[in-house]
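Protein chains in written order, with numbering that gives the first Met the number 0: chain A, 0 to 388; chain B, 0 to 661; chain C, 0 to 276; chain D, 0 to 563. Note that the Cβ used here is the ideal one computed from N, Cα and C, for glycine as well.
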Amino acid sequence: MLKISTDRINELMDAIASKMDLILPVENNGQVNFGIYESGVRVRLDALKTVKSAKDAFFPQSETLYSCSKDLKNLSVTPAKLMDRPFAVFGMKGCDIRGLEVLDRVFLSDPVDGFYKARRENGIVIGMVCNTPWESCFCKAFGVDCTEPGGDATACVVGDGLFIEANNEKGKAFLEMISEVLISETLADNCIMRDTVETVSKDGTEKTALEDDKEQSVSKDGTEKTADADDMEKLRAHKESIRRITEKLPLMSLSLKGWGTETPKDRFDSPLWEKLYKPCLACGTCTFVCPTCQCYDIKDHDDGDSVRRYRCWDSCMYSDFTLMAHGNPRTSQMQRFRQRFMHKLVYYPQNNDGIFSCTGCGRCIDKCPQSLNIVKVIKAFEKEGKENV
Amino acid sequence: MPRIGVFVCHCGTNIAGTIDVAKVAEMAAAEQGVVFSKDYQYMCSQTGQTLIIDAIKEYKLTGIVVCSCSPRMHETTFRNAAQRAGLNPYMVEIANIREQCSWIHKDREEATEKAVILMRAAVAKVCLNTPLTAGESGVTKRALVIGGGIAGIQTALDISAAGFKVDIVEKTPSIGGRMSQLDKTFPTLDCSACILTPKMVEAASDENITLYTYSEVEKVSGFVGNFKVDIRKKARSVRADKCTGCGVCQEKCPSKKAPSEFNRGLNNRSAIYTPFAQAIPNVPVIDRENCIKFQTGKCGVCSKVCQANAIDYEQEDEMITVEYGAIVVATGFDVINLDKYDEYAYSKSKDVITSLELERIMNAAGPTGGHLERLSDGKAPKEIVFIQCVGSRCADERGKSYCSKICCMYTAKQAMLIRDKYPDTNVTVFYIDIRTPGKNFDEFYRRAVEDYNVHYIKGQVGKVLPESSGKLIVVGSDIIDARHVIIPADMVVLAAAIEPNKDARKIATMLTASIDNNNFLTEAHAKLRPVESPTAGIFLSGVCQGPRDIPETVAMAGSAAAKVIGLLSKDRLKSNPCTAHSDELMCNGCSTCEKVCPYGAISYETKIVNDHGVKKERRVAVVNAALCQGCGACTVACPSGAMDLSGFSNRQIIAEVDAVCR
Amino acid sequence: MCKCSDTLIPLPGVITAITEETPDVKTFRINAPEGGKLFEHMPGQCAMLCVPGVGEAMFSITSSPTNKEYQEFSIKRCGELTNCLHGLSVGDMVTVRGPYGNHFPVESELKGKDLIFIAGGIGLAPLRSVINYVADNRADYGNVDIVYGSRSMDDLVRYQEITEEWAKRERTNVYLTIDRPQDGWNGHVGFVPSYVKELNLNAAATVLLCGPPIMIKFVLAGLLELGFSKERIYTTLELRMKCGVGKCGRCNIGSKYVCKDGPVFKFTQIDELPDEF
Amino acid sequence: MQIGFRPKIVAFCCNWCSYAGADLAGSSRLSYPADVKIIRVPCSCRVNPMFILRAFEKGADGVIMCGCHPGDCHYSTGNFYARRRMTLLFSMLDFIGVENGRCRVEWVSAAEGAKFSQTMNEFVEKICSLGENVRLSNLRKTGSQQTAFTINTEKRETHRLVGAVVTDASWTGEGSKVSEKEENGNQMSVVTGDPEAGQYEPECGSQTAKTEESLKIRLAQLLESGKAARVLGWKKGETDYDPEPAFFENKDELGAFVYNDFCGANLSKYMIEAAGLDGVTAVVLKPCDTYSFNQLMTEHRVVREKTYIIGVGCCGKLSISGIRAQGVTGIEENGIEVTDDRIKIKTVYGDREIERNSAMLERCGVCKGKEHRIFDELIGESRDTTICAGTGKACGSAAPDSTVSNAAAGRENSGKDQRFAEVERIEKLSAKERFEYFSNELSRCIRCNACRNVCPACSCIKCVFDGNQFDEAAKANSEPFEEKMFHIIRAFHVAGRCTDCGECSRVCPQNIPLHLFNRKFIKDINELYGEYCAGYEAGSVSPLTRFTMQDAEPSVVTERSKGC
């Protein structure tokens, strides 16, 4: 585990950035999004939700696949270079990390998507414990514990200290590398490194026992410091307090009964969809801010002499999403609206061991122009179910 | 996939002299879609066209690009060639590498590079061309001539001779125009009235010709073959059907203070008047501004004296709408306003006059009854000075940049006539250059100098100073002898520049015909289509297009008439297929396009639209291709891109932009 | 499988022959630039063809896998890309990626069975691959009946191959029909669904059905009437596909992805799917 | 001037005058630089702003458009429309910080070969003096730098990055102090206003509640009497702040009807769909929504006869993101109470109280007026909501008895002018600053199209960006330039039609001030072509589809910015 005082976060970030690209929440005119750590940026690790999820670190909104000459007599295809160097994504919350797991099942299943895989392999995910969950959060409903976000390492801010613990070998190697930088540059008199036996278990039950007290603690003058055993307790207490808050939040208790693999057959044909979709504008906001939406389009960009083929996010909400030269299987917005929620709550779980393609991040609640969202859909069917009984 | 052929013309050395045509052809071969490219000496020649036709057939070309002169020059030539080869004529694009490249650039490399880019843009465009078929429209077998001067009269007579109906609209109460104001004509010294009047009579009596005098064109709509023209027949206050032309009303009219337009304001006329004795129609009009009856309500003398009961004070302007197949503009000219030429004392002295005023003075029907006399004191002038190029060939903004063309000759004529009739009168002409190209013109001028002893001084007059004695001191320079010349003259005649009629711009705008800075109407091609306006169905006759003398005007009138006859003898006209069309799948019927359409070609209908299997009733725009002239205003007004223009589609222009910026 | 470095990266292919089948259908033969086939496939599988800058779309591979020299695609002109493809000439290159999707179970469920192929118009394209595969492995299969119909005589795809090769094969019957009478046509006239009913086909056979949706609907109804089992009727579906690998999110019908789980489906499977295609 | 710089210049010339003028320049051998490439169009009115932006996108350093002199158009009026279009477009390009002078309009007749040549010489000289179009080409070259971390797979630079982590301001924000807050209960709640605020009757809040009741009763009547087949209003959501637009078909459904301070959505656009339904639709429209309805009527998208409009009073609408921006989170169910000038919020992190104005939608602070421009009946009262710049206080009287009329009077001398204050502020910046401002704002755009899809003026069946004519993708940020193009063109397409309803800015998930583009056009139109307010009355003619002979020339943009 690495501990660093919050007023030295700058140094920590510099240390990471000296080794690899660092992607973390940055603010631009009041809006916080994941962005690259470079001079002049305004880092906002305190922000709970970024506008977009961090998925575009692994599945960019636009990504070149290959370029191709336009000369049909002598056509050649030059594939785009795959990501080949490590980068770190710092501060992903539990819901976003779950989102990655959802994407993994799509892109890493056969046939594997090479572009995604390369980014995934090179990317180090440092999760972060949520400090102030919002009332629009409902990750708990999908089994995400926001105090145990997962990732290769987990960061948590308690009081004036930032703790980072590794969750796997990748994370461990990362932390070691970073500590080395911090130590070698003698920047971190408050930086403590220690080993843990257990990484956080995925289901977020008990966790983090110390193997021994063989902590490395380095200060400016090189003297070793004894590990602060209180820190661990503080951390535990902190997480507990967050968990208590989540229990108070109204949407966390959302029930998913009747969805996923247990969805009734007639749900597709339910007349309720006709009511629910009405205000939908067919914009792509929900899709683009969603951590799990993975639909994409493949398009050409004419560079004059060659054609650059790229893929870009697409939205199943768009009217031309399934449009073909000779027809469209989803002609109405109702069908498209239904597709989005059926996919997240029924089709995906059916194909993926019951795992939902929603992580309860609540971004659609926050951002839908007309206040539609997945919770309303789930609750509407719940209500209907009750009435029918 | 398109199969494009590129043909690069050398145009002798016009293009090849500056552009490496072989390289352009070579670069073309590398362009996507191009399967054939070749350069040749003269693409527009028979051999060149055969080369194109053979290539289209041999290589199964789906489109061709000709890199040559301006499309305004030979687009039609190459389109026809394509058609002969079985290719739709609209699958042809021209890359203008002569007017817009080789002729303006000197650096060979630079020009070649530009030519390649222009070629690429044309290739990119032609790849997106679609075969177009021209629509057809009928032809109204009636022509309109605007202006009833010699140009208009002759045009109308020639059109009528071919058996077509033709109307003349003349603003003033009589036809005749400027020529009727002239005394004699050069170089034959014919009496102007003697040769014009029969023509006027002929026009008036011609069954095919309808005269609308004292009338003006108010509005023009439609297009070639199908114009609709609103004509305002101004109230004459005299009923033409009753008037016998006896002239008593004019004699008895108590108001005789209105300056006579016909006599250039040198004398006055009555309020009820015909401009001149031989006026056609010989029906007077009441000038209501100067009429006592109209101004005060009292008088009514003319009505009392008219035995035919032709006076009608209640008459109102009448609007008529007539359909025409062709329109000829023959609006003629005027002399410029001389207010800005203070140095010649035109406004200060009555004895400084314009040549046109001199014509009236010399004319037996003029203000002096044909006696040459000073308007100030009625004395016969003994020393007359003519000043040439007043406002013509002028470098500054006071005058016109062009040569008025007729002044040298009429001045020679007037000088000669004066010397002939009043041998004791000295005549001096200050000139910059004497321009006498034309049959018997130079001989005529030399007669003036040699036989009639007119003094020609090459030089300019700096000032004309009126003296209290009545003398006009002309201060000039003789640049041949390099000396100042001072002449105490009795009369000074200014050869004022001519300019198009004041209404020319208004008329041109109504007709959507182009006009130049000097308000001369622009011809479709300076050399090859001198009597046609760029707007189809609009023709030009006379000085409205540029300065010319009477025989030239008459020739032009005949030429314009021939063009009109050619047009009217067709039963159907091919219309421009480059028209707008609306994609009903995208159109939302918002009516924005309709508002900007100058031809009223867009309407809306509610219909069932099948969008990929979804049927919905919607309001959508429909373009009437016969009315659409293809300006494209609607295509930009349309936000969704539903409205597009064949031949200049969004995708085509974007492709050109991309190619140019590549 | 595919020699592509990534599933989304295509290979360049050369058009080595073009056959004009009907006024709006052409068959393209495609080879690797260095010669030979771009990849191996199974009957019923598809591949993405692309003209750079114009578009990319999924097409059935019409040649049989038993053909070792090249792949063929029969393509009907219906949109921007197909228009462009129709304008190409021999020697032009396109990009190809694939093969994608499942295939007809020629090595399992179809083996030893009597087979009935029913196709309409361009619907013959995916079936031709199987028909020729079966012909090349004739011993493995029972009787073969081919029912093929089109709007007119001129719209019959692979007419020459059908009459000169297929009709002459052992244990093979070919039934052709056109929608409306036409000069020079001596064969059957009428729509495929009604023709199928007239033919007295073996209801125990396995049916491979492909054609326009309306034809499929009526043929299916007819077959069920005749006692055929939905379990033994196969068809191929077509939806908008971009990626070809079940990831871009377009081609799903319920939880099935046409490009990954299909395009070949049994009607019993189709009945399970929501009605959205 | 850059040495050896050869600019790329695109010239659009109308076939009848300027192209012929160029030919004449050629046949007169009047030279001009080879950098100029002419594209022939039938008329200057054929030149779509998208062509010009496309040229810039593809690397043009300058674009010039030539047409017949105004009044001499071969098609009689084409160049008048072109003149207005280009004036507005150039003004917008100037606004976003493209150097003015990069685009120009010149009228050249067929007889003016010399003028053509001279114009081109001048223009090339001007472009050379401006140099390469660095701002726009940087956008192109650096590609998607804003999202570089996602796209750039090139080797990164090895130098050490020094980032500025904002520690004090952000880190010690509410984020890390959760436990403290928990312990200290209400300590975090900010009470800054009048301590006696609570004694006010919560006028607006209660009034809105009263309005909601009246609406429910009236709407039920309409449904029951058969006067309306359905009602379009808002339905209560999961929280106080997420009411959704909804159709109600019977009295029971009306139980969920809501009208509160978060009913910001403009329902007019849904009336397009309602126009295709049988029977009359009763719709609840706020004053500003009625402008949109009028505009849609003008464009034949809605059917008046099938609409029953209930004009509802409006006291200014709130935005949840405005509340969030002040660090309020964890809001409890039914935890928001809105009073006259404050918002009291119960959250799991303690109670908070904020100024009402601070969470109001931007558009309400610069409200056009509380007068319904079209209605069948009115329910509920309105209150002036304009906010004076500087003081941040409401302009209208906050007295409980304030009525529409005196509120409007207050607006006359204050609020109305505020509408363009931000546009004016930006106009005063240098071109470079403007460019940076907009590049930064638009860099956040995720191309979700929410702005477009919510916009009542963007009612096209199929957006031009969804079509393939212009080869510009609506949904992909393949190039940052396209973002600019998208927003400029979108604003251009709604220019003269936009009622300034502000929905675009309300719905933008990245909070991009998109209304600024629309307001800039409105401001220009007002200044150049006379005051015009789209939707003020149905059937009015957009300034872009009319003209006067004396309209300003596009060069007015350059002249104006010189004055600054």
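Chain D contact for Ser-513 of chain B (CB, 8 Å cutoff)
Sequence index remark: in the second sequence, residue 513 of chain B carries index 514 (1-based). Closer than 8 Å to some Cβ of chain D, the Cβ of Ser-513 of chain B qualifies, so yes.
What are the start and end residues of the alpha helix (DSSP H) that includes Lys-56 of chain B?
For the purposes of this step, residue 56 of chain B is taken as the residue at position 57 of the second sequence. 45–57 is the span of the alpha helix (DSSP H), which, as asked, contains Lys-56 of chain B.
Name the two residues that bound the continuous beta strand (DSSP E) containing Trp-233 of chain D.
Mapped onto the fourth sequence, residue 233 of chain D falls at position 234. Its beta strand (DSSP E) spans residues 229–234.
Pair within 8 Å by beta-carbon distance, Ala-430 of chain D and Ile-103 of chain B:
As a first step, residue 430 of chain D must be located in the fourth sequence, where it is residue number 431. As a first step, residue 103 of chain B must be located in the second sequence, where it is residue number 104. Taking 8 Å as the Cβ cut-off, Ala-430 of chain D and Ile-103 of chain B do not qualify as a contacting pair.
Going by the CB atoms, is the gap between Gly-148 of chain B and Gly-541 of chain B shorter than 8 Å?
Start at 1 with the first residue of the second sequence, and residue 541 of chain B comes out as number 542. Start at 1 with the first residue of the second sequence, and residue 148 of chain B comes out as number 149. Taking 8 Å as the Cβ cut-off, Gly-541 of chain B and Gly-148 of chain B qualify as a contacting pair.
Chain A contact for Arg-661 of chain B (CB, 8 Å cutoff):
Mapped onto the second sequence, residue 661 of chain B falls at position 662. Yes, contact with chain A.
Check whether the Cβ of Pro-368 of chain A lies closer than 8 Å to any Cβ atom in chain D.
Taking the first residue of the first sequence as position 1, residue 368 of chain A is located at position 369. Pro-368 of chain A counts as touching chain D.
Given a limit of 8 Å on CB to CB distance, which residues of the stretch 284–311 of chain A reach chain B?
Asp-301, Gly-303, Asp-304
Are there three or more Cβ pairs, one per stretch, closer than 8 Å when the stretch 626–645 of chain B is compared with the stretch 25–45 of chain D?
yes
Please check the pair Leu-174 of chain A and Ala-152 of chain A, which I expect to be a contact at CB under 8 Å, by giving their CB distance rounded to whole angstroms.
Here the question's residue 174 of chain A lines up with position 175 in the first sequence. Here the question's residue 152 of chain A lines up with position 153 in the first sequence. Right, their Cβ atoms sit about 6 Å apart.
Cys-250 of chain C: contacting residues in chain B (beta-carbon distance under 7 Å):
Counted from its first residue, the third sequence places residue 250 of chain C at position 251. Within 7 Å Cβ-Cβ: nothing; Cys-250 of chain C doesn't reach chain B, min ~16 Å.
Three-state secondary structure assigned by DSSP to Val-263 of chain C:
Position 264 of the third sequence, counted from the start, is the residue given in the question as residue 263 of chain C. In this structure, Val-263 of chain C counts as strand in the three-state DSSP scheme.
Are Ala-16 of chain A and Leu-181 of chain A closer than 8 Å when you measure CB to CB?
Looking up residue 16 of chain A in the first sequence gives position 17. Looking up residue 181 of chain A in the first sequence gives position 182. No, the pair does not count as a contact, with Cβ atoms beyond the cut-off.
Per DSSP, which residues does Lys-345 of chain D bridge with? Please list them.
For the purposes of this step, residue 345 of chain D is identified with residue 346 of the fourth sequence, where counting begins at 1. DSSP lists D:Asp-350 as partners of Lys-345 of chain D.
Alpha carbon of Glu-304 of chain D to alpha carbon of Val-422 of chain D, nearest angstrom:
Sequence index remark: in the fourth sequence, residue 304 of chain D carries index 305 (1-based). Sequence index remark: in the fourth sequence, residue 422 of chain D carries index 423 (1-based). C-alpha separation (whole angstroms): 38 Å.
So with Cβ pairs under 8 Å, would you call Leu-102 of chain A a contact of chain D?
Reading the first sequence from its first residue, position 103 is the one you call residue 102 of chain A. Output row for Leu-102 of chain A: interface = no.
Where Pro-1 of chain B meets chain C, residues with beta-carbon distance less than 8 Å
Along the second sequence, read from residue 1 onward, the residue named residue 1 of chain B stands at position 2. Per Cβ cutoff of 8 Å: Gly-86.
Of all Cβ atoms in chain A, is any one closer than 8 Å to the Cβ of Pro-42 of chain C?
On the third sequence, position 43 is the one that residue 42 of chain C refers to. Taking Cβ atoms only, chain A never reaches closer than 8 Å to Pro-42 of chain C, which makes this a no.
Could you compute how far the alpha carbon of Asn-189 of chain A sits from the alpha carbon of Glu-37 of chain A?
Along the first sequence, one-based indexing puts residue 189 of chain A at 190. Along the first sequence, one-based indexing puts residue 37 of chain A at 38. At Asn-189 of chain A, the pLDDT of 46 sits below 50, so the modelled position is not reliable and the matter cannot be decided from this model.
Just to confirm, is the Cβ distance from Ser-26 of chain D to Glu-98 of chain B under 8 Å?
If you number the fourth sequence from 1, residue 26 of chain D lands on position 27. If you number the second sequence from 1, residue 98 of chain B lands on position 99. Yes, the pair counts as a contact, with Cβ atoms nearer than the cut-off.
Taking the straight line between their C-alpha atoms, what separation do you get for Asp-340 of chain D and Ile-22 of chain A?
Counting from 1 along the fourth sequence, the entry for residue 340 of chain D is found at position 341. Counting from 1 along the first sequence, the entry for residue 22 of chain A is found at position 23. Distance between the alpha carbons of Asp-340 of chain D and Ile-22 of chain A is about 41 Å.
Name the residue from A:Asp-229, A:Phe-336, A:Thr-262 whose alpha carbon lies nearest to the alpha carbon of Trp-272 of chain A.
Taking the first residue of the first sequence as position 1, residue 272 of chain A is located at position 273. Answer by Cα proximity: A:Phe-336.
Of all the residues that make up the stretch 353–371 of chain D, which are near chain A by a beta-carbon distance shorter than 7 Å?
none
Where Asp-144 of chain C sits in the DSSP three-state scheme:
What you label residue 144 of chain C is simply residue 145 of the third sequence in a count that begins at 1. Residue state, collapsed to three classes: strand.
Residues of the stretch 542–559 of chain D with Cβ closer than 8 Å to any Cβ of chain B, in chain order
Leu-543, Thr-544, Arg-545
In the DSSP assignment, the beta strand (DSSP E) including Ala-620 of chain B goes from what residue to what residue?
Residue 620 of chain B sits at position 621 when you count from the first residue of the second sequence. It spans 613–622 - the beta strand (DSSP E) in which Ala-620 of chain B sits, taken as one unbroken run.
Counting Cβ pairs closer than 8 Å, one from the stretch 65–76 of chain D and one from the stretch 578–594 of chain B, do we hit at least three?
no
Out of B:Lys-420, B:Val-125, B:Lys-457, B:Met-361, state which residue places its alpha-carbon closest to the alpha-carbon of Phe-429 of chain B.
One-based indexing of the second sequence puts residue 429 of chain B at position 430. When only C-alpha atoms are compared, the closest one is B:Lys-457.
Among B:Thr-552, B:Ala-512, B:Asn-500, nearest to Thr-534 of chain B - alpha-carbon criterion:
To locate residue 534 of chain B, count along the second sequence from 1; it is residue 535. Ranking the options by Cα distance to Thr-534 of chain B, first place goes to B:Ala-512.
Around the Cβ of Arg-424 of chain D, are there at least 16 other Cβ atoms within 10 angstroms (buried) or fewer (exposed)?
Position 425 of the fourth sequence holds residue 424 of chain D. Its Cβ having fewer than 16 others within 10 Å, Arg-424 of chain D is exposed.
Looking only at C-alpha atoms, which of A:Asn-27, A:Arg-339, A:Tyr-65, A:Val-42 sits nearest to Asp-302 of chain A?
Within the first sequence, numbered from 1, the residue matching residue 302 of chain A stands at position 303. Per the Cα distances, A:Tyr-65.
Thinking C-alpha only, which one of B:Arg-618, B:Asn-575, B:Leu-567, B:Asp-548 is nearest Ser-581 of chain B?
For the purposes of this step, residue 581 of chain B is identified with residue 582 of the second sequence, where counting begins at 1. The shortest Cα separation from Ser-581 of chain B among B:Arg-618, B:Asn-575, B:Leu-567, B:Asp-548 belongs to B:Arg-618.
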